[in-house]
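Heads up, the thing below is written out as C-alpha cells.
Protein chains: 4
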Amino acid sequence: MTTELEQLAERLRAFARVRDWEQFHTPKNLAMALAGEVGELVAEFQWLTAEESGSPDPDALARMRTELGDVTLYLVRLADVLGVDLVEAARAKLDENDRRYDADLYRGSARKAPPTSNG
Amino acid sequence: MTTELEQLAERLRAFARVRDWEQFHTPKNLAMALAGEVGELVAEFQWLTAEESGSPDPDALARMRTELGDVTLYLVRLADVLGVDLVEAARAKLDENDRRYDADLYRGSARKAPPTSNG
Amino acid sequence: MTTELEQLAERLRAFARVRDWEQFHTPKNLAMALAGEVGELVAEFQWLTAEESGSPDPDALARMRTELGDVTLYLVRLADVLGVDLVEAARAKLDENDRRYDADLYRGSARKAPPTSNG
Amino acid sequence: MTTELEQLAERLRAFARVRDWEQFHTPKNLAMALAGEVGELVAEFQWLTAEESGSPDPDALARMRTELGDVTLYLVRLADVLGVDLVEAARAKLDENDRRYDADLYRGSARKAPPTSNG
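Heads up: the sequence lines are chains A, B, C and D, in that order. Just so we're aligned: the first sequence equals residues 1 to 119 in the UniProt record's numbering. Just so we're aligned: the second sequence equals residues 1 to 119 in the UniProt record's numbering. Just so we're aligned: the third sequence equals residues 1 to 119 in the UniProt record's numbering. Just so we're aligned: the fourth sequence equals residues 1 to 119 in the UniProt record's numbering.
Here it is as C-alpha cells:
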C-alpha cells in the first residue's frame, strides 16, 4: 500500500520533472531550502509568548499551517532524493530516545533532557 | 485508518506525557527545537559539493538519516500541538505551487521560480 | 584605521589560506555553515523560559558565548568573501527601520512591528 | 574608544527603548529572530551553484547585503542583552581553532576539518 508521504514524494518528483528542476534539487540545495522555510516558520513564533504560541489567532495559525506545509514539502523531497524513509528514520530515533531518556530519571526536567532529542 | 504520521504523533504524545515534558512542548519551543535540528542537518551538507551531496558515503548518509529522523519528530510534534495536519497542509501548498508555477513558463529556470515554494 | 571586524576578517583570510581551505569558502557554503551555527545557538535557548533566557547560569552563558563567537566568525567571513561591509549594511538597515517604524505608532506593539526588522 | 559595534548596540538599545520593545527583546526571542533572518539569507543562496554564489548579480548582492545587515543587527542586539562581547568571543574561538586545526595536518581537507569551527 502506498502511504500518504510516498504519494507526496511522487507528486514532488513529477512537479520537478515537468519543470526540468531536477537539476536544482541536489540534497545540498534542498537542505538549504528546508532551512529557509524553517526560518520563516520560526519567525511566526518569535514575538509570541509561550502562552500565545499555544493559542494563535486564526490568521497566525493559517500562516503557520502554510509554513508547516512548505517545510513538509522540502523535507519529503530531500529524503526522497537521498533515498531515506522519513518515518523509519523517525521511528529509529524515537526508539533510541525511549531507551536514552528513562521516564523516571528525566521526569519534569528539560535541563538534562532535551525532549525527544539528543540534539 | 490511522496513518503512519498519526502513529508517530501518538507515540510522541505518550513520550512527553510519561516524562511530564508537555510543559516544555509549547509551539514556540518546538519551533526552536526544529530549527536547531535543521541546523544540524544543514551542517552535514555544508562542505560537500553539489555532486558529493548526491552520493554521500555510508557514514555521512547514516548521519543525514539520523538528522532527518530528528527533524521529522519535531515537525510532527509541532504540528500535533498546533492541531495542523501536515499532509493536508503540504498538499494545499503543492496545489498552490502547481497553479503558480506554470510548467511551460518556468521550465529549467530556478532564478524566477524557487522550486516547490513561494519562499 | 583598521576596525576590529576588519582585523577578524584578515585573521580568517589567513586561517583559510594557510590550510588551503579557500576552495571550500564559497558564499553558498559559508551561508550554510552560518545557518548550522545559528542552529546550535538557538538550541541553547529552546527549553528556557523567557525569564530564564535573560539570566542564564554560568555554564549556559559560556556555551552561548562560544556559539555567538562561531556565528560571528562565519558572518564576518561570509561578508568578507562577498565584499560586504557588515557595519555599513547594518546601519543602512537600521536607518530604514527608524523611518519605517514610527516610534509613536508602534509603541509597545510587537504584533504589527517585528522589532528592528522588516523580516 | 567606542567601537563601531558598540555604537550599533547603543543605537539598537535606543531603538527598542523609544518603542517600548525591550519587553520583547528577551535573548530567547532575539535568538529566534536571528534564526529567521539567517533563513532569509540562506534562501538567497539556495539555488545558486557554488560559482554563481561567488559572483552574484547586482540585485542578488543587494538583497544579500540587506540580509547580512539584518543578521548583524539581531546578532549585536542578542549579544548586548546577554552582556557578551562579540569580538572577544570570536577571537577566543579563533584562537581555539588555530590550536585545534594544525595547518599541516588539515591542509586541503574539509572532510575532517570544518573550516573555522568545531561545529
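Glycine residues also receive a C-beta, built at the ideal position from the N, C-alpha and C atoms. Quick caveat, the model's predicted, so the values are computed rather than measured.
Sequence-distant partners of valine 76(B) (beyond 5 residues in either direction) whose C-beta falls short of 8 Å from its own C-beta, in its chain, are Leu5, Leu8, Ala9, Leu12 and Leu86. In terms of Cβ geometry, lysine 28(C) and phenylalanine 45(D) form a close pair [threshold 8 Å]. Counted as a single uninterrupted DSSP element, the stretch harbouring arginine 107(B) is not any alpha helix (DSSP H), since DSSP gives it neither H nor E. Assignment of valine 84(B) by DSSP, reduced to helix, strand and coil, places it in the coil class. Note on geometry: alpha-carbon atoms of arginine 65(D) and arginine 19(B) lie some 45 Å from one another. Secondary structure note for serine 55(D): it is in no alpha helix (DSSP H), with a DSSP letter that is neither H nor E. Between threonine 72(D) and alanine 90(C), the beta carbon gap of about 4 Å places them in contact (Cβ cut-off 8 Å).
In the displayed model, leucine 48(A) falls within coil according to three-state DSSP, outside both helix and strand.
Per the C-alpha coordinates, the member of Thr49(D), Asp59(D), Glu88(D) and Arg107(D) positioned closest to phenylalanine 24(A) is Thr49(D). Within 10 angstroms of the beta-carbon of glycine 69(A) lie 16 or more other beta-carbons, which makes it buried.
Going by DSSP, phenylalanine 15(B) is part of the alpha helix (DSSP H) stretching over 4-18.
With its beta carbon at least 8 Å from every one in chain C, valine 71(B) lies outside the interface.
Between leucine 61(B) and leucine 82(A), the gap from beta carbon to beta carbon is short of 8 Å. Taking the C-beta atoms as reference points, valine 38(B) is found nearer than 8 Å to valine 38(A). The beta carbons of leucine 41(D) and leucine 78(D) sit no closer together than 8 Å. The straight-line gap separating the alpha-carbon atoms of aspartate 98(D) and glutamate 52(B) is approximately 27 Å.
In the structure shown, tyrosine 74(A) falls within a helical segment according to DSSP collapsed to helix, strand and coil. Of the residues assessed, glycine 108(D) falls on the exposed side of the cut-off, its CB having fewer than 16 other CB atoms within 10 angstroms. Residues of the same chain with a CB within less than 8 Å of the CB of arginine 63(B), apart from the 5 flanking positions on each side, are Glu44 in chain order. DSSP places aspartate 102(B) outside both helix and strand once states are collapsed to three, so it counts as coil. Contacts with chain C at 8 Å (Cβ-Cβ) include alanine 33(B). Taking 8 Å as the cut-off between beta carbons, the residues of the UniProt domain "NTP pyrophosphohydrolase MazG-like" (26-100) of chain A near chain D are Asn29, Met32, Ala33, Ala35, Gly36, Glu37, Val38, Gly39, Glu40, Val42, Ala43, Phe45, Gln46 and Trp47, in sequence order.
Within chain D, the residues whose beta carbon sits less than 8 Å from that of phenylalanine 24(A) are Trp47, listed in sequence order.
Excluding residues up to 5 positions away in sequence, nothing lies with its Cβ nearer than 7 Å to the Cβ of serine 55(B) in the same chain.
The Cβ atoms of alanine 16(D) and glutamate 22(D) sit closer than 8 Å to each other.
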